[in-house]
Amino acid sequence: MYKPTEPGTWKGRVDTHDGEEGKRWHQGIKLLNLTEAAEPAAAEQAIAFLGFCCDEGVKRNQGREGAVDGPGALRQAMASFAWHLDEDVMLFDAGDVFCTNQNLEEAQKQLGKKINTLLSNTYKTIILGGGHETAYGHFLGIKQALPEGQNLGIINFDAHFDLRSYEKQTSSGTPFLQIADELAADGRDFNYLCLGIQQSGNTQKLFNTAESYGTDYVFAPAMQVYNYEQLREKLQQFIELTDVLYVSIDMDVFAAAYAPGVSAPAALGIHPDIVLILLQEIISSGKMLTLDIVELNPKLDIDNRTAKLGASLLYHVVQQWSQV
């Protein structure tokens, strides 16, 4: 089910006495209703947020439920950001896709259709999850919008490969294996780079699956600022193999001190600084097509710490992406 965002959803501080110089995101964002006929973006740089209110995949994966509320928490955390965007940049909220009656597969199809609509009309898209089952729905939209012959690369900041078998059922742990098999069926390569993998959080079966599918990865302990040059080189080599990039940020990649509000917190997860630096490298390549941020669980958050981190990352993504 799809529902456009209601007026008044974005709200925050208003500095009336500062006029236009006091503008914040909640005062500048435009609402986009995807139930109506879509039109090409009305700005040179148009960035659209689309929510996926779903944690059915997390539930199926025996995780802790609550990611269904992630999109709302991220909007709330972003609302009062100061507006520092150029005149040719517009931000849009394209509403939410909901998973109803535990029908994850239908919800993913609906998400894919909405993403295809946005991408086909020249919007840059940021998807607000939702569990990591968001990724397969996201891919369905990318696949529809991807020009013939374009080589897709997937960069996943994540503690987990999410390459579990979906023979019995799909879940938040299966999306990238689903994507890999679908790409193979279409005669396309599966270019997949995971950054922040926790050895303790992935069984030998998952490492074997990753190897058999040609997955490249970096362990969490190596994701350090002092190791930036090596990480940058690996990233550039991967980017050179692709035409367009889909980037996914799973909030459980971060240390629990920064991101306690996730289904599977990582005591020795990574620091946000290295992700921010690598995101800048990815965006500056000019190849990023779309991005999602997933696994925020507001029910488990402490002082909105995880929501604020996710929102802050998106702030920097928007600032840089709007200039590419």
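For reference, each letter of the sequence shown is one residue, going -6 to 317 in our numbering.
Even for Gly, the Cβ is constructed at its ideal location relative to N, Cα and C.
In its own chain, which residues sit with a C-beta less than 6 Å from the C-beta of residue i, not counting the 5 before and 5 after it?
i	result
Val255	Met244, Asp245, Glu288, Asn290
Ile147	Tyr185, Tyr239
Asp8	Gly15
Ile242	Phe150, Ile286
Just to confirm before moving on: does the CB-CB distance between residue i and residue j stay below 8 Å?
i	j	result
Thr110	Leu24	no
Asn54	Ser164	yes
Thr167	Arg157	yes
Tyr116	Ala41	yes
Gly122	Asp296	no
Asp89	Lys292	no
Gly130	Ala178	no
Lys227	Ala70	no
Ile135	Thr283	yes
Lys161	Leu133	no
Ala304	Leu43	no
Thr299	Ala252	yes
Tyr206	Ala173	yes
Thr235	Lys198	no
Pro64	Cys46	yes
Gly12	Gly124	no
Ala30	Asn114	no
What three-state label does DSSP hand residue i in the structure shown?
i	result
Gln38	strand
Ile267	helix
Ile275	helix
Val317	coil
Ser205	helix
Tyr221	helix
Ala128	helix
Arg17	strand
Val311	helix
Leu261	coil
Leu238	strand
Ser256	coil
Gly123	coil
Asp11	helix
Arg298	helix
Glu80	coil
Ile107	Position check: residue 107 holds Lys in this sequence, whereas Ile was assumed. It is helical.
Pro291	helix
Glu342	Here the chain comprises residues numbered -6 to 317, so residue 342 is not present and cannot be evaluated.
Gly303	helix
Give me, in chain order, the residues of the same chain whose beta-carbon lies closer than 7 Å to that of residue i; leave out the 5 immediate sequence neighbours on both sides.
i	result
Gln137	Gly105, Asn109
Gln192	Phe212
Asn195	His153, Phe154
Phe74	Arg17, Trp18, Tyr308
Ile263	Gly189, Ala213, Met216, Val246, Phe247, Ala248
Asp81	Ala36, Glu37, Gln38
Ala203	Phe154, Leu156, Tyr210
Thr118	Ala41, Leu43, Ile108, Leu111, Leu112, Thr283
Just list the residues that DSSP pairs residue i with in beta bridges.
i	result
Asn94	None, per the DSSP bridge assignment.
Val246	Paired residue(s): none; Val246 is not in a bridge.
Thr(-2)	DSSP, once it has assigned bridges, lists no residue as partnering Thr(-2).
Thr118	Ala41, Thr283
Asp86	Leu24, Phe42
Phe212	Ile190
Residues in its own chain within less than 8 Å of residue i by CB, not counting five upstream and five downstream?
i	result
Ile276	Val310, Gln313, Trp314, Val317
Leu269	Leu306, His309
Tyr159	Thr167, Leu170, Gln171
Asp79	Gln38, Ser315, Gln316
Gln273	His309, Gln313
Checklist entry - Could you give the uninterrupted runs of the beta strand (DSSP E) lying entirely in the region 38 to 77, keeping only those of 3 residues or more? => result For the region 38 to 77, whole beta strand (DSSP E) runs of length 3 or above, ordered along the chain, are 38 to 46.
Item to check | 3 or more residues per run - each beta strand (DSSP E) lying fully within the region 131 to 200 | outcome: 145 to 150, 184 to 190
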